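Take a look at the structure set out below.
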Amino acid sequence: MKTDVVIIGAGPSGLMLAHLLHAAGVNPIVLERHTQEHVLSRIRAGVLESTTTDVLVELGIDERMNRESLQHDGVVFADGERLIRIDMAALTGRHVTVYGQTEVTKDLIDAAEDRNIHVVWESEDVALHNVDGVDPHITYTKNGKEERVDAKLIAGCDGFHGPSRQVISAETGRPFELIYPFGWLGVLADVPPCTEELIYANHERGFALASMRSMSRSRYYIQVPLDQTIDDWPDEKFWDEICTRLGPNAASHVTRGPSLEKSIAPLRSFVFEPMNHGRLFLAGDAAHIVPPTGAKGLNLAASDIVYLSDAMIAYFKSGDEAALKGYSAKALARIWKSERFSWYLTKLMHRFPENADFDRRMQLAELDYLAESEAMQTMLAENYVGLPI
Ligand code: APR
Ligand code: PHB
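Residue numbering for the sequence shown follows our numbering, beginning at 136 and increasing consecutively.
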């Protein structure tokens, strides 16, 4: 089989890219190792920058998002006693959209079916060949039969654990990584949120986040040591802890209920440079990971895909390779600024075991400054709503 572009991975990156290419008359084939159900079973973050919502609007896949999402003009930071609201709309003229990544992915999958975009679910043993040679191609197994797809370009949208980044040798590319000494325990529950806008809390017992999926479904997180499991956190213990860490004001509005989903995820900052090799181009989690504190994961994937789809379309429409050659540097410029913001917020809002007492004083001083300084609030607001693309 021959095609213009093979896209490895049907997560948000791969699906957004497939749609943008298809809309421009470029032929993609998406190879996804799992089933649709498995992909949609993943619970991920839920704060969208306009970078991401603009892609859905451009593709005409925004109807359910417009109907079901929440628009947030502000975000709140707490230090156990006080609540510091950042008025993003007043400071930047922009807002964020609260709409689960799972919902974004579902809308992209449903639209791909409606538009006959070729997605091969349960494609196993995906392997990349000759990505810097004359016949770049992919092999994979489907229903026990080995298949081959020859492509002019290959998009590695296969996430942090996928095969694409692995084909770039240590002589050609390198990782930059920081692993944090704690994880996030996340709970999803069909209870009304305790707050109208997200609350990020730095309590002496650790970080907490009050988020939501709708006005009837809440999403909470607490920082936990890496040696703990969900068995250490029965629901009642979790509800007690989130109320303690959010502080008395927010806690008085917390509605308890049975957890629908409970999981612990480690935190890391990771960037791989460069994001291309031969005819292979990496995008999204295949090239970078951010700690979820800044809600940047999906939004960085979206900006990668805007840059990459523009470059690929220019190549197929006019043979111009300049944007393809410039893709990695352009994407990395925005990635590193979002990595900085995610790292900054993680350092500001979490308890770090070493230097705990001094670190906490530094954090409280920073939160004091945030409460008092419009310049500091503007920095935070500009980054949270999303830097220019
Ligand atoms: N063959 C085919 N598909 C694969 C393979 C493989 N060998 N390895 C991984 N995949 C698929 C995964 O099953 C997944 O569906 O690639 C997809 C990668 O999707 P994500 O991990 O969601 O990454 P991305 O699409 O870049 O989206 C980034 O997702 O993980 C969150 O926080 C992250 O919000 C960010 C967003
Ligand atoms: C979420 O709602 O899952 C969420 C929101 C903001 C974050 C991280 C996760 O920073």
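Beta carbons: idealized from backbone N, C-alpha and C, even for Gly. Computed from a predicted structure; not experimentally measured.
Is residue 242 close to the ligand APR? I mean its beta-carbon at under 7 angstroms from any heavy atom of the ligand.
Taking the first residue of the sequence shown as position 1, residue 242 is located at position 107. No, the beta carbon of residue 242 sits no closer than 7 angstroms to any heavy atom of the ligand APR.
Would you call the CB atoms of residue 230 and residue 332 closer than 8 angstroms?
Start at 1 with the first residue of the sequence shown, and residue 230 comes out as number 95. Start at 1 with the first residue of the sequence shown, and residue 332 comes out as number 197. Against a cut-off of 8 angstroms, the Cβ pair of residue 332 and residue 230 comes out as no contact.
With respect to 7 angstroms, is the separation between the Cβ of residue 181 and the closest non-hydrogen atom of the ligand PHB below this value?
Taking the first residue of the sequence shown as 1, we reach residue 181 at position 46. Yes, the beta carbon of residue 181 sits closer than 7 angstroms to at least one heavy atom of the ligand PHB.
Spell out a yes or no on whether the segment 196 to 210 and the segment 486 to 504 are touching, meaning 3 or more CB-CB pairs, one atom from each, closer than 8 angstroms.
Short answer: they don't touch.
Just the Cα atoms here: how many angstroms apart are residue 295 and residue 421?
Taking the first residue of the sequence shown as position 1, residue 295 is located at position 160. Taking the first residue of the sequence shown as position 1, residue 421 is located at position 286. Those two C-alpha atoms are separated by around 5 angstroms.
Return the first residue and the last residue of the alpha helix (DSSP H) that residue 302 is part of.
Along the sequence shown, read from residue 1 onward, the residue named residue 302 stands at position 167. Note, residue 302: premise wrong, no alpha helix (DSSP H); not H, not E.
Where do the ends of the alpha helix (DSSP H) carrying residue 493 lie?
Mapped onto the sequence shown, residue 493 falls at position 358. Residue 493 -> alpha helix (DSSP H) spans 491 to 507.
Alpha carbon to alpha carbon, how far is residue 523 from residue 163? Give it in angstroms, no decimals.
Within the sequence shown, the letter at position 28 stands for residue 163. Within the sequence shown, the letter at position 388 stands for residue 523. For residue 163 and residue 523, the distance between alpha carbons rounds to 28 angstroms.
Let me know if residue 269 comes out buried or exposed under the rule of 16 or more other beta-carbons within 10 Å of its beta-carbon.
Here residue 269 corresponds to residue number 134 of the sequence shown, with the count starting at 1. It is exposed - the Cβ of residue 269 has fewer than 16 other Cβ atoms within 10 Å.
Kindly indicate which three-state DSSP category residue 475 falls into: helix, strand or coil?
Position 340 of the sequence shown, counting from 1, holds the residue named residue 475. Reduced to three states, the DSSP call for residue 475 is helix.
Distance check for residue 318 and residue 360, CA to CA, integer angstroms please.
Counted from its first residue, the sequence shown places residue 360 at position 225. Counted from its first residue, the sequence shown places residue 318 at position 183. Those two C-alpha atoms are separated by around 6 angstroms.
If contact is defined by three or more beta carbon pairs under 8 angstroms, each pair taking one atom from either stretch, is the segment 215 to 224 in contact with the segment 377 to 384?
Yes: the two stretches touch, three or more of their Cβ pairs being nearer than 8 angstroms.
In the DSSP assignment, find the alpha helix (DSSP H) that holds residue 171 and state where it starts and stops.
Walking along the sequence shown from the start, residue 171 turns up at place 36. First-last of the alpha helix (DSSP H) with residue 171: 171 to 175.
Counting only the same chain and skipping the five closest in sequence on each side, list residues whose C-beta sits under 6 angstroms from that of residue 478.
Along the sequence shown, read from residue 1 onward, the residue named residue 478 stands at position 343. If we look at residue 478 and ignore the five residues flanking it on each side, its Cβ neighbours are 404.
Does residue 398 get closer than 8 angstroms to chain D when you measure Cβ to Cβ?
In the structure shown, chain D does not exist; there is a single protein chain.
Can you tell me the Cα-Cα spacing of residue 187 and residue 433, whole angstroms?
For this step, residue 187 is matched to residue 52 along the sequence shown. For this step, residue 433 is matched to residue 298 along the sequence shown. About 8 angstroms.
Would you check if there are 3 or more beta carbon pairs closer than 8 angstroms linking the segment 297 to 308 to the segment 396 to 411?
Cβ pair count under 8 angstroms is three or more, so yes.
Between which two residues does the alpha helix (DSSP H) carrying residue 234 extend?
Position 99 of the sequence shown, counting from 1, holds the residue named residue 234. Here residue 234 belongs to no alpha helix (DSSP H), and DSSP marks it neither H nor E.
Going along the chain, which residues of its own chain have a beta-carbon closer than 6 angstroms to the beta-carbon of residue 476, five neighbours each way excluded?
Mapped onto the sequence shown, residue 476 falls at position 341. Same-chain partners within the cutoff: 429, 518.
Which same chain residues end up closer than 6 angstroms to residue 155 when comparing Cβ atoms and leaving out the 5 residues on each side of it in sequence?
Here the question's residue 155 lines up with position 20 in the sequence shown. For residue 155, where only same-chain residues beyond five positions count, the Cβ hits under 6 angstroms are 444.
In angstroms with no decimal places, state the Cα-to-Cα distance between residue 326 and residue 370.
Taking the first residue of the sequence shown as 1, we reach residue 326 at position 191. Taking the first residue of the sequence shown as 1, we reach residue 370 at position 235. Approximately 13 angstroms between the Cα atoms of the pair.
As a quick exercise: from 497, 511, 182, pick the residue whose alpha carbon is nearest that of residue 339.
Position 204 of the sequence shown, counting from 1, holds the residue named residue 339. The shortest Cα separation from residue 339 among 497, 511, 182 belongs to 497.
Determine the extent of the alpha helix (DSSP H) in which residue 368 is found, giving its start and end residues.
Position 233 of the sequence shown, counted from the start, is the residue given in the question as residue 368. No alpha helix (DSSP H) contains residue 368, which DSSP labels as neither H nor E.
Going by C-alpha to C-alpha distance, which of 439, 280, 412, 415 sits closest to residue 423?
Walking along the sequence shown from the start, residue 423 turns up at place 288. Checked all of 439, 280, 412, 415; the closest Cα to residue 423 is 439.
Count the other C-beta atoms from every protein chain shown that fall within 10 angstroms of the C-beta of residue 453, then say buried if there are 16 or more, exposed otherwise.
Here the question's residue 453 lines up with position 318 in the sequence shown. Residue 453 comes out exposed.
In angstroms, rounded to a whole number, what distance separates the CA positions of residue 228 and residue 473?
Translated into positions along the sequence shown, residue 228 becomes position 93. Translated into positions along the sequence shown, residue 473 becomes position 338. Each residue's alpha carbon lies about 20 angstroms from the other.
Nearest to residue 293 by alpha carbon, out of 426, 502, 152, 464?
In the sequence shown, residue 293 corresponds to position 158, counting from 1. Residue 293 has its Cα closest to that of 152, out of 426, 502, 152, 464.
CB residue 264 to CB residue 253, shorter than 8 angstroms?
Sequence index remark: in the sequence shown, residue 264 carries index 129 (1-based). Sequence index remark: in the sequence shown, residue 253 carries index 118 (1-based). Their beta carbons are not under 8 angstroms apart, which means residue 264 does not touch residue 253 by this criterion.
Between residue 154 and the ligand APR, is there a pair consisting of the residue's CB and a ligand heavy atom that are separated by less than 7 angstroms?
Working through the sequence shown from its first residue, we reach residue 154 at position 19. Answer for residue 154: no, Cβ out of range of the ligand APR.
Give the DSSP-derived three-state secondary structure of residue 201 in the structure shown.
Here residue 201 corresponds to residue number 66 of the sequence shown, with the count starting at 1. The answer is helix: DSSP assigns residue 201 an H, G or I state.
Which value, in whole angstroms, describes the spacing of the CA atoms of residue 297 and residue 503?
Position 162 of the sequence shown, counting from 1, holds the residue named residue 297. Position 368 of the sequence shown, counting from 1, holds the residue named residue 503. Approximately 42 angstroms between the Cα atoms of the pair.
Quick check: the segment 237 to 251 against the segment 141 to 152, are there 3 or more CB pairs under 8 angstroms?
The segment 237 to 251 is in contact with the segment 141 to 152.
Should residue 327 be counted as a contact of the ligand PHB given a C-beta to heavy atom distance under 7 angstroms?
Locating residue 327 in the sequence shown gives position 192, where the first residue counts as 1. No, the Cβ of residue 327 stays beyond 7 angstroms of every heavy atom of the ligand PHB.
Following a CB-centred definition, is residue 354 positioned closer than 7 angstroms to any heavy atom of the ligand PHB?
For the purposes of this step, residue 354 is taken as the residue at position 219 of the sequence shown. Because some heavy atom of the ligand PHB lies under 7 angstroms away, the Cβ of residue 354 counts as near it: yes.
Just the C-alpha distance for residue 372 and residue 354, rounded to the nearest angstrom, thanks.
For this step, residue 372 is matched to residue 237 along the sequence shown. For this step, residue 354 is matched to residue 219 along the sequence shown. About 16 angstroms.
Going by DSSP, what residue range makes up the alpha helix (DSSP H) through residue 522?
Taking the sequence shown and counting its residues from 1, one reaches residue 522 at position 387. Note, residue 522: premise wrong, no alpha helix (DSSP H); not H, not E.
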